[in-house]
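Sequential numbering from 3 applies to the sequence shown in our numbering.
Glycine included, every Cβ here is placed at the ideal spot set by N, Cα and C.
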Amino acid sequence: MPTQKSASQNERLPSHHEGYLLNSIFKNSIEGIVISDDKNTILAVNKAFTEIMGYQAEEVVGKNGTIFRASHHNKEFYKTVWNKVEKEGQWEGEMWVRRKNGETLPEWLIFTKIKDEAGNILFYLSIFSDITERKTTTERIQFLTRFDPLTRLPSRISFLEHLSDEIKRLNSVGILILKINRFHAINNALGPDMGDAVLEAIAERLQKIAPQALMISRFSGSEFGLLFSGKDLPLLLANHASSIIHSLTHSFKVQEKELSLTINIGISISPEDETNPKLLIKNAEIAMQQSRNQLNTYLFYKSEMNVSVSERIKLENQLKNAIENEELILYYQPLVNLKTRKIIGSEALLRWNLNNELISAARFISIAEQSGFIHTLTDWVLREACKQLQKWISEGFGPFIMAVNISSTQFKQPGFQDNVLTVIEQMQIDPHFLKLEITEDLLLHDFEQVISIMNSLKQRGIKFAIDDFGTGYSSLSYLLKLPVAQLKIDQSFTKGITTTPENKEIIRAIVSVAKSLHLSVIAEGIEEQDQLDFLSSLGCNEGQGYLWGKPMPPQEFEQLIQAQKR
3 MPTQKSASQN
13 ERLPSHHEGY
23 LLNSIFKNSI
33 EGIVISDDKN
43 TILAVNKAFT
53 EIMGYQAEEV
63 VGKNGTIFRA
73 SHHNKEFYKT
83 VWNKVEKEGQ
93 WEGEMWVRRK
103 NGETLPEWLI
113 FTKIKDEAGN
123 ILFYLSIFSD
133 ITERKTTTER
143 IQFLTRFDPL
153 TRLPSRISFL
163 EHLSDEIKRL
173 NSVGILILKI
183 NRFHAINNAL
193 GPDMGDAVLE
203 AIAERLQKIA
213 PQALMISRFS
223 GSEFGLLFSG
233 KDLPLLLANH
243 ASSIIHSLTH
253 SFKVQEKELS
263 LTINIGISIS
273 PEDETNPKLL
283 IKNAEIAMQQ
293 SRNQLNTYLF
303 YKSEMNVSVS
313 ERIKLENQLK
323 NAIENEELIL
333 YYQPLVNLKT
343 RKIIGSEALL
353 RWNLNNELIS
363 AARFISIAEQ
373 SGFIHTLTDW
383 VLREACKQLQ
393 KWISEGFGPF
403 IMAVNISSTQ
413 FKQPGFQDNV
423 LTVIEQMQID
433 PHFLKLEITE
443 DLLLHDFEQV
453 ISIMNSLKQR
463 GIKFAIDDFG
473 TGYSSLSYLL
483 KLPVAQLKID
493 QSFTKGITTT
503 PENKEIIRAI
513 VSVAKSLHLS
523 VIAEGIEEQD
533 QLDFLSSLGC
543 NEGQGYLWGK
553 PMPPQEFEQL
563 IQAQKR
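As structure tokens, this is what we get:
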């Protein structure tokens, strides 16, 4: 009777098979591999190395690895790399190298010290891949999100960051938000090329009118922002607003055509109106909208234009009682596979039924964050969404993905990770069905802590998606490290697909980066067939938007699933 082998014996390959397998991996790997000794003398390279670097094996074997060094790094950099390998056994990161023809390229390198069982160094192993295309695409995304490709002016994102810095540095700053009225009429009557020419001319003229501006930005469409500081700030802002109105509404000629433009300007000042950069911009936009009661005018922001402080405090107190009063509701919007056009999940979206008025989370989420109530609110949303998912699965509607938005403040709250796992266990749902959507601002601080939490939850099966991708801190370096499964294209890009060429370029770039990193892509805000066709042609994996349905109560969502099954 044959003896039973141990599990470890069964799992181990015969030595000749193991050697063949390792040799096959070395030869056929699509990543470059270099084996060197403790003096950095090259012992062997694989085929992928020769294809990437341009050298034949016989040209480098026996030579020192320093022949690949590029001028991008100094001696201290290489010293740091070797020290880490000697102390910790491995170094991983981006390194520039020089090919045989003298060209330099960026590679993602894993440099490892290999020792035998006695602790003696056998050799050093370098495994690398060419990330030139990834970096080029990422840099393109960075430019497209931080600058307007048409006017070359900074984008709204760049303006917001610069505004934040100037508020901290100077305290007293002012902004003008101007909008060209009925700009779509120019596009319709004269064509989009003329519309682009007008926007370029406006950008050029603004730079001539206001050279003192700390920044001039194109926000979107026909909306521009200008940032100022200085003495007698209200008078300075009023003078600039008058000059801009006069310059843009008198004798405006583009491509030999005389155009008649009307504009309106809103003005807000920090700290009088607001010290929060986003709210300061919002206040200027509110003033700009108010000024449109009369064309070619400007208005300073006044608190009466917005919700008063007392009303805000009242709203905050009402929100804190919303859970106890059972006023909070979750609506669900379908997530659709763009290839099969089938519903594969839903995103849970919070609504507040206040005095029989259904309020979107966008109107009260900032109040929750500022008051600290966001933690209780997010916990409630997560628990209710998982409860609904468990109910649907038990009733045969699933399985499918439930997406839940997590704020950056909640993610870093002590105990967040344990709380998520507790909810999953109590609701008895498969963690693989839960997707947590996070925004890029989460990555600006405590990056290593964020990675640690995400890795821990990923190991339990939970998926992560980066929400509103492209509107914040887009960087290849964090994408390579983060355990994310999906990038979510912001609806501001999706909605402009058919009218704004640069939006198409941004989406193409995002999909390209995602594919190179083996991530899936979901686009939100899909409302028209043309948008769907374009996204499908790029290979976008999933979508959501009014084309399939607005956020809806659970009962309506169930009816939608049942209709799909027929």
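Buried or exposed (CB count within 10 angstroms, at least 16 for buried), residue i
i    : result
K237 : Checking the displayed sequence, the identity of residue 237 turns out to be Leu instead of Lys. The residue in question, L237, is exposed, as its Cβ has fewer than 16 Cβ neighbours within 10 Å.
G104 : exposed
R568 : exposed
R220 : buried
V200 : buried
T342 : exposed
K181 : buried
V311 : At V311 the pLDDT is 49, less than 50, meaning the model places this residue with poor confidence and gives no usable figure here.
P213 : exposed
P555 : exposed
S293 : buried
H242 : buried
E119 : exposed
E260 : exposed
P108 : buried
K437 : buried
Residue i versus residue j: straight-line alpha-carbon distance, rounded
i    : j    : result
G463 : P433 : 5 Å
E442 : S410 : 9 Å
G193 : Q461 : 53 Å
A600 : K210 : What is shown of the chain runs 3 to 568, which leaves residue 600 out entirely.
I37  : L127 : 5 Å
E135 : I455 : 30 Å
D470 : Q428 : 30 Å
K344 : I32  : 35 Å
I35  : S518 : 20 Å
L330 : Q320 : 11 Å
Y475 : W354 : Residue confidence is low: Y475 scores 49 on pLDDT, short of 50, so the model does not pin down where it sits. Its coordinate-derived value is still stated next. Going by the C-alpha atoms only, they are around 30 Å apart.
L332 : R184 : 37 Å
I376 : S368 : 9 Å
S157 : A215 : 15 Å
M97  : K49  : 20 Å
K552 : I453 : 33 Å
E404 : G545 : Looking at the sequence itself, residue 404 is Met, so the reference to Glu does not match. Taking the straight line joining both Cα atoms gives about 14 Å.
K497 : I524 : 14 Å
L162 : K280 : 7 Å
E287 : K304 : 12 Å
N323 : A370 : 12 Å
A205 : N278 : 26 Å
L351 : I408 : 11 Å
L481 : G400 : 30 Å
D532 : L459 : 37 Å
Beta strand (DSSP E) segment containing residue i, residue limits
i    : result
N66  : Run containing N66: none; DSSP gives neither H nor E here.
F254 : 254-256
T299 : 299-302
N407 : 403-407
I35  : 34-38
E397 : It is not in any beta strand (DSSP E) - E397 carries neither H nor E in the DSSP assignment.
L45  : 44-47
T441 : 436-441
V272 : Strictly speaking, residue 272 in this sequence is Ser, with Val absent from that position. Segment 265-272, the beta strand (DSSP E) holding S272.
E260 : 259-261
Proximity test, residue i beta-carbon vs the ligand NAP heavy atom, cut-off 7 Å
i    : result
I453 : In the structure on display, the ligand NAP does not appear, and there are no ligands present to speak of.
Endpoints, alpha helix (DSSP H) assigned at residue i
i    : result
W550 : Taken as a continuous stretch (DSSP letters only), W550 belongs to no alpha helix (DSSP H), as it is neither H nor E.
Q92  : Counting along the chain, Q92 falls outside any alpha helix (DSSP H), though it belongs to the beta strand (DSSP E) covering 92-100.
L281 : 279-293
L423 : 418-429
E60  : 59-62
Q412 : 410-413
Segments of 3+ residues assigned as beta strand (DSSP E) that fall wholly inside the stretch 454-534:
465-471, 488-491, 522-525
Within the stretch 104-159, note down every full alpha helix (DSSP H) run reaching 4 residues or more, in order along the chain.
134-148
Report the start-end ranges of each beta strand (DSSP E) in the stretch 156-237 that is 3 residues or longer and not cut off at the edges.
175-182, 217-222, 225-230
Contiguous alpha helix (DSSP H) assignments of at least 4 residues, all confined to the stretch 326-387:
367-373
Between the stretch 160-170 and the stretch 66-80, are three or more C-beta pairs nearer than 8 Å?
no
For the stretch 253-260 against the stretch 268-275, do three or more pairs of beta-carbon atoms, one drawn from each stretch, fall closer than 8 Å, so that the two count as touching?
no
Count Cβ pairs between the stretch 553-567 and the stretch 531-545 that sit closer than 8 Å; are there 3 or more?
no
With three or more C-beta pairs closer than 8 Å as the rule, is the stretch 112-130 touching the stretch 145-161?
no
Counting beta carbon pairs with one atom in the stretch 84-91 and one in the stretch 61-72, are three or more of them shorter than 8 Å?
no
Kindly confirm or deny that the stretch 411-427 and the stretch 380-390 touch, where touching means at least three C-beta pairs closer than 8 Å.
yes
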